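S.K.:
Protein chains: 2
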Amino acid sequence: MSKMPTVKDVAEYAGVSVGTVSRVLSGEAAVKPLLRERVNDAISALGYRPNVTARALRTSRTDVIGLVVPDITNPFFAQLAASVERAALECGHSLMLASSHNDSEAEQSHVSAFLDRSVRGIIVVASSDGSGLDLPASVPVISLDRRFGTFPLVSTNHAQAATLIADHLYGLGHRRIAYIAGPTDTEAGRMRKEAFVSRMDGFGKTGEPVELEIAYGRFDYESGERIARELLSYPPQDRPTAIAAASDQQAIGALRAARDLKIDVPRKLSVTGFDDISLANLVVPRLTTIRQPADMLARRAVSLLLEEPPGKGDEMVDGSLIVRGSSGPCPQPGASGRK
Amino acid sequence: MSKMPTVKDVAEYAGVSVGTVSRVLSGEAAVKPLLRERVNDAISALGYRPNVTARALRTSRTDVIGLVVPDITNPFFAQLAASVERAALECGHSLMLASSHNDSEAEQSHVSAFLDRSVRGIIVVASSDGSGLDLPASVPVISLDRRFGTFPLVSTNHAQAATLIADHLYGLGHRRIAYIAGPTDTEAGRMRKEAFVSRMDGFGKTGEPVELEIAYGRFDYESGERIARELLSYPPQDRPTAIAAASDQQAIGALRAARDLKIDVPRKLSVTGFDDISLANLVVPRLTTIRQPADMLARRAVSLLLEEPPGKGDEMVDGSLIVRGSSGPCPQPGASGRK
DNA sequence: CTGAAAGCGCTTACAG
DNA sequence: CTGAAAGCGCTTACAG
Chain A
1 MSKMPTVKDV AEYAGVSVGT VSRVLSGEAA VKPLLRERVN DAISALGYRP
51 NVTARALRTS RTDVIGLVVP DITNPFFAQL AASVERAALE CGHSLMLASS
101 HNDSEAEQSH VSAFLDRSVR GIIVVASSDG SGLDLPASVP VISLDRRFGT
151 FPLVSTNHAQ AATLIADHLY GLGHRRIAYI AGPTDTEAGR MRKEAFVSRM
201 DGFGKTGEPV ELEIAYGRFD YESGERIARE LLSYPPQDRP TAIAAASDQQ
251 AIGALRAARD LKIDVPRKLS VTGFDDISLA NLVVPRLTTI RQPADMLARR
301 AVSLLLEEPP GKGDEMVDGS LIVRGSSGPC PQPGASGRK
Chain B
340 MSKMPTVKDV AEYAGVSVGT VSRVLSGEAA VKPLLRERVN DAISALGYRP
390 NVTARALRTS RTDVIGLVVP DITNPFFAQL AASVERAALE CGHSLMLASS
440 HNDSEAEQSH VSAFLDRSVR GIIVVASSDG SGLDLPASVP VISLDRRFGT
490 FPLVSTNHAQ AATLIADHLY GLGHRRIAYI AGPTDTEAGR MRKEAFVSRM
540 DGFGKTGEPV ELEIAYGRFD YESGERIARE LLSYPPQDRP TAIAAASDQQ
590 AIGALRAARD LKIDVPRKLS VTGFDDISLA NLVVPRLTTI RQPADMLARR
640 AVSLLLEEPP GKGDEMVDGS LIVRGSSGPC PQPGASGRK
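If you read the protein sequences in the order shown, they are chains A and B.
For the first sequence, our numbering begins at 1 and goes up steadily by one.
For the second sequence, our numbering begins at 340 and goes up steadily by one.
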């Protein structure tokens, strides 16, 4: 292939200086219509495309937004990534996506790599409450969904959302409840759990007492399945009547465990999730969960990043309760055994 | 933040020329140990990091591999992306990921964007058999899983794998089978279907006849659910005893439909998928499917891309049959209705 | 409004 | 083995 044409070629072809070419390219500075037209003709005649690397070197700016997620294989993050890409595109920016495999070292090095490429800004969905960044960030950084270092956070209001689930289950009459929590080294995991627990404690004080058992795991299918299997191995009268999980994946794993143990959901056991991944509406039974407004979160994160000066304050977006088939009234004691 | 140090600063600090700094950076050229050490000291003292943009401009090369997938929200592509990232990292390269939302224009523009950034090479999982690229590609391009333009393809041997499924179902005694195909504008969709059909035709000629119905959809959950619902609405004696789907997502949708219609899988109906996404092992019943060796595919694609000269020939990797609970012997006629 | 020129931070022939 | 210098393709003060 022949070498790509440069501003110089365009300038020669159009009979102007490279400065003029650059000026019509930027669209900013005023250029006489005649010259502008000659330049544009030259550009299309030559099939010229600006060299973004040179431009970046000169201006130390690009239109790339870097996004790092803990694990692209997690459906919620995949959806979030798709939303961020759409939001970036809407603002005329493109997205570079990196997955850190839940490894905070990899996370660090991805962020550094973005910095090295002088991206316009970086959005990070932290893999854990790491120390954040030890490099000086020369571009804006926004935490999304989970806090990264001390950078501003855009996230669902985890506490409000967890409260919605607590109210739902308590309202259905459940008084022996298990909570499958997310990793304690993630803010999302902690906040969801604490809000859920404190709401239940509140009910316990003002109304009927609630037995609450808490188990900790990762956010994935396997954790949910393993933990639920354990919780459900108790004799029926000691077994929870509802399991609230900190993620849809955990909840789907719990559904799987219940199924294996032939425990009818929702008649004998209610299960709830968190995220509303697309699968939540497809499992059997369909999962009651919290919808996180991914599009909104993405748009807010991109906006904060691109604002001048970049946004400094945290932003919370409310989640909403989606009631489906996996949650129902607490089974009456003694009404079991109808096989 | 103060300006980042440059080779010039390092050179001054170490009392050498910038050329020497560059040479120790590259590690290639021989530099006297004494100077090398002084330069390295200067680098760490100053916290110097090479400017990759400048380097890219000068050499018109980077260590970035661009990957574009049709939809990052599809679990199979997410897994493939994770595998490609790992493979790239192993070779000292980093990954830029873009999702085309199944839009071939977006796909084109992502590829162009990569080209503009002078990436080391591009791997594309085509969203459809587009015209491929109309720009001159100045770097190697590899098609992964689905052919992009005329670029070399690394993929599972779709035909061999589809044959495995056909043999499995025929071997279980199924003679009235429905096939949920993928989009006909994807090579993967066509090849899987054709191999399945031709294998069944072969059985029909040498053994017992097979009734085969084919329905076309996208690769997603919804298509599978919708199509299966239709297929299963026939009266029991006309209904297929097995549904083979071109993707796990379709198969999981079909499972959902069967469940809604109270058709017992696998006793009344066998369902098979293709891909072996992590969910396949979690649905109820667990899904019989074809495992695509994502890690291997990813590694081969990266290798071909990085070879000098870049690989030119297609590569096929065999898939393997994973038998789980969703497939079983063909139900005996008349043995129904045991409610 | 336009051109000539400097410079972004590197790498790499070219001399020595 | 090392230094001085050119140049990658842009953008942007600086003159005019």
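Using N, Cα and C, we set each Cβ at its ideal position, and we do this for glycine too.
Remember, predicted model here, so these are calculated numbers, not experimental data.
In three-state terms, what does DSSP make of B/Ile411?
M.R.: Within the second sequence, the letter at position 72 stands for residue 411 of chain B. In the structure shown, B/Ile411 sits in coil (DSSP, three-state: anything other than H, G, I, E or B).
S.K.: Taking A/Pro19 as part of the alpha helix (DSSP H), name the residues at either end of that continuous run.
M.R.: As a first step, residue 19 of chain A must be located in the first sequence, where it is residue number 19. In the sequence on display, residue 19 of chain A carries Gly and not Pro. Per DSSP, A/Gly19 belongs to the alpha helix (DSSP H) from Val18 to Ser26.
S.K.: Residues of chain B with CB closer than 8 Å to the CB of A/Gly355, please, in chain order.
M.R.: The displayed coordinates of chain A run from 1 to 339. Any statement about residue 355 of chain A would go beyond what the structure contains.
S.K.: Please report whether the beta-carbon of A/Ser247 lies at a distance below 7 Å from any beta-carbon of chain B.
M.R.: As a working note, residue 247 of chain A is residue 247 in the first sequence. Not a single C-beta of chain B is nearer than 7 Å to the C-beta of A/Ser247.
S.K.: What do you reckon, are the CB atoms on B/Ser659 and B/Asp614 nearer than 7 Å?
M.R.: Residue 659 of chain B sits at position 320 when you count from the first residue of the second sequence. Residue 614 of chain B sits at position 275 when you count from the first residue of the second sequence. By the CB criterion at 7 Å, B/Ser659 and B/Asp614 fall outside the cutoff.
S.K.: At least one CB of chain A closer than 7 Å to the CB of B/Ile411: is that the case?
M.R.: Counted from its first residue, the second sequence places residue 411 of chain B at position 72. The beta carbon of B/Ile411 sits closer than 7 Å to some beta carbon of chain A.
S.K.: Going by DSSP in three states, B/Ile616 sits in which element: helix, strand or coil?
M.R.: Numbered from its first residue, the second sequence carries residue 616 of chain B at position 277. It is coil, neither helix nor strand.
S.K.: Roughly how many angstroms lie between the CA atoms of B/Arg459 and A/Val111, to the nearest whole one?
M.R.: Counting from one through the second sequence, the residue named residue 459 of chain B turns up at place 120. Counting from one through the first sequence, the residue named residue 111 of chain A turns up at place 111. Distance between the alpha carbons of B/Arg459 and A/Val111: 20 Å.
S.K.: Along the alpha helix (DSSP H) that carries A/Thr59, what are the first and last residues, could you check?
M.R.: In the first sequence, the residue the question calls residue 59 of chain A occupies position 59. Per DSSP, A/Thr59 belongs to the alpha helix (DSSP H) from Val52 to Thr59.
S.K.: For A/Arg176, which beta-bridge partners are listed by DSSP?
M.R.: Taking the first residue of the first sequence as 1, we reach residue 176 of chain A at position 176. DSSP, once it has assigned bridges, lists A/Glu211 as partnering A/Arg176.
S.K.: Specify the secondary structure class of A/Leu306 as computed by DSSP and reduced to three states.
M.R.: Position 306 of the first sequence holds residue 306 of chain A. Helix, per DSSP.
S.K.: Per DSSP, what kind of secondary structure is A/Gly121 in: helix, strand or coil?
M.R.: By one-based count along the first sequence, residue 121 of chain A stands at place 121. If DSSP states are grouped into helix, strand and coil, A/Gly121 belongs with the strands.
S.K.: In three-state DSSP terms, what is B/Gly405?
M.R.: Residue mapping note: residue 405 of chain B aligns to position 66 of the second sequence, counting from 1. Three-state DSSP puts B/Gly405 in a strand.
S.K.: Using DSSP with H/G/I as helix, E/B as strand and the rest coil, what is B/Thr628?
M.R.: Translated into positions along the second sequence, residue 628 of chain B becomes position 289. Looking at B/Thr628 - three-state DSSP - the assignment turns out to be strand.
S.K.: By Cβ distance below 7 Å, which residues in the same chain neighbour A/Arg192 in space, the five residues on each side in sequence not counted?
M.R.: Your numbering for residue 192 of chain A matches position 192 in the first sequence. Closer than 7 Å at Cβ, skipping near neighbours: His158, Ala162, Gly182, Ala246 and Phe274.
S.K.: Starting from the beta carbon of B/Tyr560, find every residue of chain A whose beta carbon is closer than 8 Å, and list them in chain order.
M.R.: Here the question's residue 560 of chain B lines up with position 221 in the second sequence. Think of a sphere of 8 Å around the beta carbon of B/Tyr560: the chain A residues whose beta carbon falls inside it are Ser278, Leu279 and Leu282, in chain order.
S.K.: Of the residues B/Arg397, B/Val604 and B/Leu483, which one's Cα is nearest the Cα of B/Ile591?
M.R.: Residue mapping note: residue 591 of chain B aligns to position 252 of the second sequence, counting from 1. That would be B/Val604, whose Cα lies nearest to the Cα of B/Ile591.
S.K.: With a threshold of 16 other CB atoms inside 10 Å of the CB of A/Tyr234, please say whether the residue is buried or exposed.
M.R.: Along the first sequence, one-based indexing puts residue 234 of chain A at 234. Its Cβ having fewer than 16 others within 10 Å, A/Tyr234 is exposed.
S.K.: Going by DSSP, which residues form a beta bridge with A/Ser320?
M.R.: Numbered from its first residue, the first sequence carries residue 320 of chain A at position 320. A/Arg291, per the DSSP bridge assignment.
S.K.: Have a look at A/Lys339 and A/Ile227 and give me their C-alpha separation to the nearest angstrom.
M.R.: Start at 1 with the first residue of the first sequence, and residue 339 of chain A comes out as number 339. Start at 1 with the first residue of the first sequence, and residue 227 of chain A comes out as number 227. Bear in mind that a pLDDT of 36 at A/Lys339, under 50, signals an unreliable position, so the number given afterwards is only what the model happens to contain. Approximately 26 Å, taken between the alpha carbons.
S.K.: Could you check which residue in B/Tyr387, B/Ala369 and B/Lys371 has the C-alpha nearest to that of B/Glu351?
M.R.: The residue labelled residue 351 of chain B in the question sits at position 12 within the second sequence. Among B/Tyr387, B/Ala369 and B/Lys371, the Cα nearest to that of B/Glu351 is on B/Tyr387.
S.K.: So what does DSSP say about B/Val370, is it helix, strand or coil?
M.R.: Start at 1 with the first residue of the second sequence, and residue 370 of chain B comes out as number 31. Correct three-state label for B/Val370: coil.
S.K.: Cα-Cα, which of A/Leu34, A/Gly204 and A/Ile322 is closest to A/Ala14?
M.R.: Translated into positions along the first sequence, residue 14 of chain A becomes position 14. Among A/Leu34, A/Gly204 and A/Ile322, the Cα nearest to that of A/Ala14 belongs to A/Leu34.
S.K.: In the structure shown, what three-state DSSP assignment does A/Met191 receive?
M.R.: Start at 1 with the first residue of the first sequence, and residue 191 of chain A comes out as number 191. DSSP places A/Met191 in helix when its eight states are reduced to three.
S.K.: Name, going along the chain, the residues of the region 630 to 651 of chain B whose beta-carbon falls closer than 7 Å to a beta-carbon of chain A.
M.R.: none
S.K.: Who are the near neighbours of A/Pro209 in its chain, counting only those whose CB is closer than 8 Å to its CB and skipping five residues on each side?
M.R.: Taking the first sequence and counting its residues from 1, the one referred to as residue 209 of chain A is at position 209. Apart from sequence neighbours up to five positions away, the residues of its chain that approach A/Pro209 with a beta-carbon distance below 8 Å are Arg175, ordered along the chain.
S.K.: Should B/Gln576 be labelled buried (16 or more other beta-carbon atoms within 10 Å of its own) or exposed?
M.R.: Residue mapping note: residue 576 of chain B aligns to position 237 of the second sequence, counting from 1. Its Cβ having fewer than 16 others within 10 Å, B/Gln576 is exposed.
S.K.: Where does the unbroken beta strand (DSSP E) through A/Thr272 begin, and where does it stop?
M.R.: Counted from its first residue, the first sequence places residue 272 of chain A at position 272. Element bounds for A/Thr272: Ser270 to Thr272.
S.K.: Are the beta-carbon atoms of B/Arg557 and B/Ala596 separated by less than 7 Å?
M.R.: Locating residue 557 of chain B in the second sequence gives position 218, where the first residue counts as 1. Locating residue 596 of chain B in the second sequence gives position 257, where the first residue counts as 1. Not closer than 7 Å, so no.
S.K.: Name, going along the chain, the residues of the region 96 to 119 of chain A whose beta-carbon falls closer than 9 Å to a beta-carbon of chain B.
M.R.: Met96, Leu97, Ala98, Ser99, His101, Ala106, Ser109, His110, Ser112, Ala113, Leu115, Asp116, Arg117 and Ser118
S.K.: Does the beta-carbon distance from B/Gln418 to B/Ala581 come in below 7 Å?
M.R.: Counting from 1 along the second sequence, the entry for residue 418 of chain B is found at position 79. Counting from 1 along the second sequence, the entry for residue 581 of chain B is found at position 242. Taking 7 Å as the cut-off, the beta carbon of B/Gln418 is found no closer than this to the beta carbon of B/Ala581.
S.K.: Is any beta-carbon of chain B found at less than 7 Å from that of A/Glu90?
M.R.: Counting from 1 along the first sequence, the entry for residue 90 of chain A is found at position 90. No, A/Glu90 does not count as interfacial toward chain B.
S.K.: Return the first residue and the last residue of the alpha helix (DSSP H) that B/Leu508 is part of.
M.R.: If you number the second sequence from 1, residue 508 of chain B lands on position 169. Run containing B/Leu508: His497 to Gly510, per the alpha helix (DSSP H) assignment.
S.K.: Identify the contact partners of B/Val328 in chain A, using a Cβ-Cβ distance below 9 Å as the criterion.
M.R.: Coverage of chain B is limited to positions 340 through 678, which leaves residue 328 of chain B absent and any answer about it impossible.
S.K.: Between A/Thr156, A/Ala42, A/Leu279 and A/Ile43, which lies nearest to A/Val125 when the distance is taken from Cα to Cα?
M.R.: On the first sequence, position 125 is the one that residue 125 of chain A refers to. Comparing Cα-Cα distances from A/Val125 to each of A/Thr156, A/Ala42, A/Leu279 and A/Ile43, the minimum goes to A/Thr156.
S.K.: Considering only residues of the same chain and omitting the five flanking positions on each side of A/Ile263, which have a CB-CB separation below 7 Å?
M.R.: In the first sequence, residue 263 of chain A corresponds to position 263, counting from 1. If we look at A/Ile263 and ignore the five residues flanking it on each side, its Cβ neighbours are Leu232 and Leu269.
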